[in-house]
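Participant: Quick one: structure below, then a few questions.
Right under this line is the structure:
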């Protein structure tokens, strides 16, 4: 039986994603466009929030993916530390800027919505604050990748940072809850509750979320492919230098 | 940790930050009393940050870190000893100096005890988290700025519970909850972070 670890082979990974990537990208584009158009043009205005409610189709999916991207990085880091598959470390590296961008989108759309609704661009609400902290974690993680020259050392150090950072991110989430009262409404959807946003907003929201998930997968696959090729170039350049050193 | 001028530096920085604040926000006693707990905690935290890169850097440069790595004691103990040394040279003096600076900021009388206690309980966590950050960045040439970017988000929970203790103490409220949580963070970092820091050092020494 074929093992999932086969895809940890960079060559196998490149060959498979070469086939898969166009399909994922196309599917992401279709779902995203469908979800957003459905949400923006074919849902009614909210009776209290007016048309500003429609930012939910960007805000909720990006916030969801901002957290999931970090989780994916955590899993990829653990796989790298345990099984030493380079593709895993590179996928974690590839996901970080995407996750950071999703965090920024969630913060920005939240501010744009908050200005007319709460009367302020920013409030030190626990959820908002946690996301700002999450953004700082992403920045630190990417900065560490950039700063360390040896790729394997960088992969190891960022993995350790990712694990410790995850613990502190959860800790911060509960600490800020303790520190300030919330202004943010409860979760728009959750797995264990019957109560969601109204159905008319709910279904286009699900489509948008699917679109964001697919977009994330497509971007991470694409960026991982780039990272693998960049690593090959690095190896080739290093071999070239070694060859010259031996000749000279 | 060989201090190399780091010992007085943190204290001096703490003093200067505290003295600058009234110039920025005005000398009104009520305002200063309100913000004093936060300012003192942020000031102590930043002063701690100042000397973090010295925890391992000098030993890395002259090779004694390699010797320590081959010594019969585990790397985790080395990290613990280094963090303890950092705390003795920064956290402890900051804790002792904080009440004096509290007078400058018109800190309410009821809060002085809680300020000292919360700093005494919280600064070891700052040193331990800092030792982890220093271990991550030890091989880098200009790791100082990166170190602060990595460490500051990790300092958030400690700062929240530390400042909250003093704030509640100043307002005459019950301080047990934040104080216990602060102690829990210190104990948690004491138990777990030496392992993470030692792993980072081993990676850097490879």
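Protein chains in written order, with the UniProt record's numbering: chain C, 1 to 248; chain P, 1 to 206. Quick reminder that beta carbons are idealized off the backbone N, C-alpha and C, glycines included. Just so it is clear, the structure is predicted and the values come from calculations on it, not from any experiment.
Kindly list, in the order they appear in chain C, the residues whose Cβ is closer than 8 Å to that of residue 45/P.
Facilitator: What residue 45/P touches in chain C: nothing, since even the nearest Cβ is about 14 Å away.
Participant: Helix, strand or coil for residue 251/C? Go by DSSP, reduced to three states.
Facilitator: Because chain C spans 1 through 248 in this model, residue 251/C falls outside it and cannot be assessed.
Participant: So with Cβ pairs under 8 Å, would you call residue 136/P a contact of chain C?
Facilitator: Judged by the 8 Å Cβ criterion, residue 136/P is in contact with chain C.
Participant: Taking C-alpha atoms, which residue in 239/C, 36/C, 216/C and 228/C lies nearest to residue 102/C?
Facilitator: Per the Cα distances, 216/C.
Participant: Give me the Cα-Cα distance between residue 68/C and residue 164/P, rounded to the nearest whole angstrom.
Facilitator: Each residue's Cα considered, the two are about 31 Å apart.
Participant: Roughly how many angstroms lie between the CA atoms of residue 40/P and residue 206/C, to the nearest whole one?
Facilitator: Rounded to the nearest angstrom, the two C-alpha atoms are 47 Å apart.
Participant: Can you list, in chain order, the residues of its chain whose CB lies under 8 Å from that of residue 44/C, leaving out five sequence neighbours each side?
Facilitator: The residues are 200.
Participant: So residue 207/P contacts chain C; which residues on that side make the cut at Cβ distance below 8 Å?
Facilitator: Because chain P spans 1 through 206 in this model, residue 207/P falls outside it and cannot be assessed.
Participant: Please state whether DSSP places residue 251/C in a helix, a strand or coil.
Facilitator: One cannot answer for residue 251/C here, as it falls past the ends of chain C, which runs 1 to 248.
Participant: So residue 171/C and residue 157/P are in contact, right, with Cβ under 8 Å, and what is the actual spacing, rounded?
Facilitator: Between residue 157/P and residue 171/C the Cβ distance is about 5 Å, and since that is below 8 Å, they are a contact.
Participant: What three-state label does DSSP hand residue 248/C in the structure shown?
Facilitator: Confidence at residue 248/C is low in this model, with a pLDDT of 47, below 50, so its placement is unreliable and no value can be given for it.
Participant: In whole angstroms, give me the CA-to-CA distance for residue 193/P and residue 165/C.
Facilitator: One C-alpha to the other measures close to 11 Å.
Participant: Use the C-beta contact count for residue 42/C: other C-beta atoms within 10 angstroms, 16 or more gives buried, fewer gives exposed.
Facilitator: With fewer than 16 other Cβ atoms within 10 Å, it is exposed.
Participant: Quick one: Cα of residue 27/P to Cα of residue 97/P, how far?
Facilitator: C-alpha separation (whole angstroms): 21 Å.
Participant: When DSSP labels each residue in this structure, what does residue 211/C get in the three-state scheme?
Facilitator: Helix, per DSSP.
Participant: Would you give the residue range spanned by the alpha helix (DSSP H) that residue 61/C belongs to?
Facilitator: Counting along the chain, the alpha helix (DSSP H) containing residue 61/C begins and ends at 56 to 83.
Participant: Can you tell which of 229/C, 108/C, 203/C and 237/C has its C-alpha closest to the C-alpha of residue 39/C?
Facilitator: Checking every option, the nearest Cα to that of residue 39/C belongs to 203/C.
Participant: Check residue 50/C in the structure and name its three-state DSSP category.
Facilitator: Three-state result, residue 50/C: strand.
Participant: Helix or strand or just coil, what does DSSP make of residue 142/P?
Facilitator: Of the three classes helix, strand and coil, the one that applies to residue 142/P here is coil, per DSSP.
Participant: Would you say residue 55/P lies against chain C (beta-carbon separation less than 8 Å)?
Facilitator: Residue 55/P does not count as touching chain C.
Participant: Taking 8 Å as the CB-CB cut-off, is residue 208/P touching chain C?
Facilitator: This structure does not reach residue 208/P, given that chain P is present from 1 up to 206, and the question cannot be answered.
Participant: Using CA atoms only, rank isn't needed, just tell me which of 55/C, 4/C and 10/C is closest to residue 227/C.
Facilitator: The shortest Cα separation from residue 227/C among 55/C, 4/C and 10/C belongs to 10/C.
Participant: Assuming residue 96/C and residue 73/C make a contact with CB atoms under 8 Å, what is their CB distance in whole Å?
Facilitator: Correct: roughly 6 Å between the Cβ atoms.
Participant: Applying the 10 Å Cβ sphere with the 16-neighbour rule, what's the burial state of residue 23/P?
Facilitator: It is exposed - the Cβ of residue 23/P has fewer than 16 other Cβ atoms within 10 Å.
Participant: Can you give me the start and stop residues for the alpha helix (DSSP H) that residue 34/P sits inside?
Facilitator: Where residue 34/P is concerned, the enclosing alpha helix (DSSP H) stretches over 29 to 50.
Participant: Beta carbons nearer than 9 Å to chain C: which residues of the region 166 to 178 of chain P have them?
Facilitator: Within the region 166 to 178 of chain P, the qualifying residues are 177 and 178.
Participant: Below 8 Å between beta carbons: does that hold for residue 94/P and residue 10/P?
Facilitator: Cβ atoms of residue 94/P and residue 10/P: closer than 8 Å.
Participant: Out of 81/P, 113/P, 16/P and 104/P, point me to the one whose CA is closest to residue 169/P's CA.
Facilitator: Residue 113/P is the option with its Cα nearest to residue 169/P.
Participant: Can you give me, in chain order, the residues of the region 135 to 149 of chain C that have a beta carbon less than 8 Å from any beta carbon in chain P?
Facilitator: Listed in sequence order: 136, 137, 139, 140, 143, 144, 147 and 148.
Participant: With a threshold of 8 Å between beta carbons, is residue 166/C in contact with chain P?
Facilitator: For residue 166/C, the answer is no, since every Cβ of chain P falls outside 8 Å of its Cβ.
Participant: Taking a cut of 8 Å between CB atoms, which residues from the region 147 to 162 of chain P lie near chain C?
Facilitator: Listed in sequence order: 149, 150, 152, 153, 154, 156, 157, 160 and 161.
Participant: Considering only the beta carbon of each residue, do residue 160/P and residue 124/C sit closer than 8 Å?
Facilitator: In this structure, residue 124/C does not lie closer than 8 Å to residue 160/P by Cβ.
Participant: For the region 37 to 65 of chain C, enumerate the residues whose C-beta is nearer than 9 Å to any C-beta of chain P, in chain order.
Facilitator: Result list empty, no residue passes.
Participant: Can you tell me the Cα-Cα spacing of residue 70/C and residue 240/C, whole angstroms?
Facilitator: Roughly 36 Å separates the two Cα atoms.
Participant: Quick one: does the C-beta of residue 171/P sit closer than 7 Å to a heavy atom of the ligand ZN?
Facilitator: You won't find the ligand ZN in this model; it holds no ligand whatsoever.
Participant: Taking only beta-carbon atoms, is residue 172/C less than 8 Å away from chain P?
Facilitator: Chain P contact via Cβ: present.
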